[in-house]
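Right, here's the structure in full:
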């Protein structure tokens with residue numbers, strides 16, 4: 061039996077070419093379809109894509125356009141960068157955070173009130189100012205206590 065025959069026998073393609081083709085065999089603990097390709101345990105959607113379109117371009121991942129991780133329909137898979145794949149995911153931390161318009165304290169993430177770190181994380185300038193003011197006040201209070209103690213001796 062060929063690799064293609066071994067793969068496609070484990071797929072429900074009854075919905076037609078436009079439907080999700082759900083994997084009917086073994087799944088990894090994270091729910092992704094796995095398939096023994098003769099050398100190692102591979103992700104079934106990657107094997108399906110390679111059988112139909114050829115190699116996945118170097119440095120790219122396959123994005124499930126249908127958002128169904130059990131789907132191995134090559135027409136539902138698109139090679140994209142990791143950044144694009146995460147940005148498209150409705151449950152990725154990046155997507156969830158980028159949808160936020162205000163910081164946890166309610167300050168707006170506006171152009172003037174937002175600082176971007178070197179890791180591209182947003183920091184609320186108003187909250188940063190509050191933190192540094194509090195820190196400076198605490199240090200000043202400690203110094204004043206030390207000075208008062210020293211003057212009493």
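Residue numbers (the numbering used here): 61 to 213. We put the CB at the ideal spot given by N, CA and C, even for glycine. No experiment lies behind these values; they were computed from the predicted model shown.
When the options are compared against residue i, the one with the closest alpha-carbon
i: residue 172; options: 180, 185, 71; result: 185
i: residue 118; options: 80, 139, 153; result: 139
i: residue 62; options: 82, 111, 83, 92; result: 111
i: residue 102; options: 132, 80, 128, 126; result: 132
i: residue 180; options: 198, 143, 96; result: 143
i: residue 67; options: 84, 77, 74; result: 84
i: residue 190; options: 127, 148, 154, 165; result: 165
i: residue 126; options: 178, 208, 82, 195; result: 82
Helix, strand or coil at residue i [DSSP, three-state]
i: residue 208; result: helix
i: residue 84; result: coil
i: residue 182; result: strand
i: residue 102; result: strand
i: residue 134; result: helix
i: residue 122; result: strand
Sequence-distant residues of the same chain with beta carbon closer than 7 Å to residue i, five excluded per side
i: residue 92; result: 103, 129
i: residue 163; result: 169, 184, 187
i: residue 109; result: 116, 122, 134, 137
Whole-number beta carbon distance between residue j and residue i, since they are thought to touch under 8 Å
i: residue 150; j: residue 161; result: At roughly 17 Å, the Cβ-Cβ gap does not stay under 8 Å, so residue 150 and residue 161 are not in contact.
i: residue 34; j: residue 141; result: Given a span of 61 to 213 for the chain in the structure shown, any question on residue 34 remains unanswerable.
Chain-order list of residues whose beta-carbon lies under 6 Å from that of residue i (same chain, five-residue window excluded)
i: residue 88; result: 94
i: residue 70; result: 84, 85
i: residue 146; result: 152, 154
Beta-carbon contacts of residue i that lie in its chain and below 8 Å, excluding the five residues immediately before and after
i: residue 64; result: 111
i: residue 106; result: 116, 122
Contiguous beta strand (DSSP E) assignments of at least 3 residues, all confined to the segment 152–180: Whole beta strand (DSSP E) segments, 3+ residues: 174–176.
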